[in-house]
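Data block below; observations after.
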């Protein structure tokens with residue numbers, strides 16, 4: 001009898017689950033996902049237009065080629081379509097990088113000049129790519145502004161300011177850090193680069209530099225602990241290499257330092 005009773009309870013549970021699922025308006029949910037995807041593309045265009053109107057975009061093929069040399073392995077080795085991303089470098093002394101809707105990643109000249117290793121920039125790119133892949137950008141925007149306001153298309157300046165100067169939640173930052181380590185590992189870029197970036201920011205955070213990326217994120221010292229723990233679970237004997245030579249990295253910094261926008 002006990003077995004029969006358990007079987008009846010199991011059938012009742014399955015029936016209840018089936019009934020619950022049957023009450024879900026799946027077409028409405030899929031429609032909402034489609035709307036959010038369209039919204040993300042529209043927001044991406046609006047925010048990029050806002051940046052182009054307020055900041056100087058570095059439009060130099062040599063700069064683009066070197067930055068692509070760092071980003072492309074992160075995408076290709078992790079099965080992520082490179083064409084879905086747009087990487088921009090903007091002229092700004094703030095030491096910052098941020099992800100925008102529709103898979104846009106922005107680097108400032110400040111962060112490129114500040115870092116002394118190409119691997120460090122790979123770590124930053126991996127972190128921002130993780131935000132995009134895990135849809136952290138739209139989650140944060142919807143939480144901050146609400147879906148109705150975003151759908152209305154108003155407040156582009158406020159959205160842009162939020163994305164360029166605010167941190168994600170501590171939970172989302174940790175998810176991005178841990179996913180970035182996986183991306184680096186697959187691309188055969190030393191995952192310790194992210195830990196070393198945290199150490200670098202931790203040292204300089206109390207100085208006079210405008211470390212926007214560090215100051216708007218959780219404390220680097222707090223992040224180092226779980227990053228180090230995650231690294232210990234990765235392949236300790238892996239053969240890591242930099243995607244570009246140190247001379248190419250220096251060339252990138254020199255190109256940015258001497259950049260002069262063309263005047264029509």
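Residue numbers (the UniProt record's numbering): 1 to 264. Don't be surprised by glycine CBs; every beta carbon is placed ideally from N, CA and C.
- Less than 8 angstroms separates the beta-carbon of residue 191 from that of residue 185.
- When 67, 111, 183, 155 are compared, the shortest CA-CA separation from residue 204 is found for 111.
- Within 10 angstroms of the beta-carbon of residue 223 lie 16 or more other beta-carbons, which makes it buried.
- In terms of CA proximity to residue 133, 103 leads the group 239, 72, 103.
- Counting C-beta pairs closer than 8 angstroms gives fewer than three between the segment 60-75 and the segment 40-52, which falls short of the contact rule.
- Rounded to the nearest angstrom, the Cβ distance from residue 181 to residue 231 is 6 angstroms, consistent with a contact under 8 angstroms.
- Using a Cβ distance threshold of 8 angstroms, residue 109 and residue 97 do not count as a contacting pair.
- Uninterrupted alpha helix (DSSP H) stretches at least 4 residues long and entirely within the segment 37-80 occur at 61-76, given in chain order.
- Bridge partners of residue 88 according to DSSP: 106.
- Excluding the 5 residues flanking it on each side, residue 57 has same chain C-beta neighbours closer than 7 angstroms at 88, 90, in chain order.
- Each residue's CA atom was taken as its position, placing residue 84 and residue 159 some 22 angstroms apart.
- In this structure, residue 194 sits away from residue 121, with a CB-CB distance that is not shorter than 8 angstroms.
- Spatial neighbours of residue 239 in its own chain (CB-CB distance under 6 angstroms, excluding positions within 5 residues in sequence) are not present.
- When the beta-carbon positions are compared, residue 113 and residue 257 come within less than 8 angstroms of each other.
- Counting every other CB atom within 10 Å of its CB across the protein chains shown gives residue 34 a total below 16, marking it as exposed.
- Here residue 141 carries a helix assignment [DSSP, helix/strand/coil].
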